[in-house]
């Protein structure tokens, strides 16, 4: 394994067999279970500092979605790169681990839609929520769909840029931290799993799976999730937000605040999308303290 990766990511790898595909996940520590779900184009590496902080008293489960991180990266003939399959994968992992207690969900980017879709499917299993620059509802009406995402989603040029030149992963590593930009070493580790045309398939498929309007694949599903998440208003919820995220910006934050006015909010005007990197100095301790204060998942 890459020595720089070992230095920053000193964890044991675990794999679940998903119809012949290796689904990688971390399973670190003991205690109440915290499930952390990454987005696109990151991987479980994003949560490494939070795992280090929590694993002395919590069980941290952190999967790499298929096509991401250290999981297998199959072609379309072997895997359906769509939201329902992602939720099924998570369900199979958590069922396989035979978790008997409720879980805390920590979600970022696409992890929000995947995790909240799972939560709506199994509300009885959820005890607390930590929301980090993500969505679980359709694009807010006031939010224009970013041109860069539209190019990636809808054009051959986007396919070439994402799969040929790793533009999405590389670009996210550059612009994802605004207040404290990543070092070259960290940027390289974020990009590490996405080192070939084949290995960048999920990076592109995630963008292509974004439903924008009625009739788009999975638009009905995200509307169902959006309707279903309101049932969690009484649960402890922490929102930590980087306001300079070019996708999950203040329009998304406003929707979370509208739906969950009682949530504890920490918002950072100078921070970007990768809030756990950009402001790890404050956000990791805030999450840790929130979990201790709101009691164990039972």
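Residue numbers (the UniProt record's numbering): 1 to 298.
Idealized CB from N, CA, C, for every residue including glycine.
Only a predicted model underlies this, so the values are computations on that prediction, with no experimental measurement involved.
#### Entry: residue 307 - DSSP class collapsed to helix/strand/coil
Nothing about residue 307 can be reported from this structure: the residues present for the chain run from 1 to 298 only.
### Task
Determine the direct distance from the alpha carbon of residue 7 to that of residue 299, and round the result to whole angstroms.
Outside the displayed span of the chain (1 to 298) sits residue 299, for which this structure offers no information.
### Query
Just the Cα atoms here: how many angstroms apart are residue 155 and residue 291?
About 43 angstroms.
### Task
Report the partner residues of residue 59 according to the DSSP bridge assignment.
By DSSP's assignment, residue 59 forms a beta bridge with 33.
### Message
With the cut-off set at 8 angstroms, would you say residue 217 and residue 67 are in Cβ contact?
### Response
No, the Cβ-Cβ distance between residue 217 and residue 67 is not below 8 angstroms.
### Query
Are residue 167 and residue 187 touching if we call contact CB-CB under 8 angstroms?
The answer is no: Cβ separation not under 8 angstroms.
### Query
What is the DSSP secondary structure of residue 126, reduced to helix, strand or coil?
DSSP places residue 126 within a strand segment (E or B) once states are collapsed to three.
### Message
To the nearest angstrom, how far is the alpha carbon of residue 279 from that of residue 271?
### Response
It is roughly 7 angstroms from the alpha-carbon of residue 279 to the alpha-carbon of residue 271.
### Task
Figure out for me which residue from 243, 119, 211 and 267 has the closest Cα to the Cα of residue 150.
Ranking 243, 119, 211 and 267 by Cα distance to residue 150 puts 211 first.
### Query
Which whole-angstrom value is the C-beta distance of residue 276 and residue 45, which I expect to be below 8 angstroms?
Approximately 10 angstroms separates the beta-carbon atoms of residue 276 and residue 45; this is outside 8 angstroms, ruling out the contact.
#### Entry: Selected residue, minimal CA-CA separation from residue 41, among 184, 162 and 281
Distances from the alpha-carbon of residue 41 to those of 184, 162 and 281 put 162 closest.
### Task
Could you spell out the range, first to last residue, of the alpha helix (DSSP H) harbouring residue 152?
Looking at the DSSP string, the run of the alpha helix (DSSP H) that includes residue 152 is 147 to 154.
#### Entry: 7 angstroms Cβ shell around residue 133 - same chain, five flanking residues per side excluded
Within the same chain, residue 133 has close Cβ partners 108, 109, 241, 242, 245, 248, 273 and 275.
### residue 117 versus residue 221: straight-line alpha-carbon distance, rounded
Distance between residue 117 and residue 221, taken at the CA atoms: about 8 angstroms.
### Query
So, helix, strand or coil for residue 304, using DSSP?
There is no way to answer for residue 304, as the model of the chain reaches only from 1 to 298.
### Query
Does the distance from the C-beta atom of residue 75 to that of residue 24 stay below 8 angstroms?
No, these two residues do not count as a Cβ contact at 8 angstroms.
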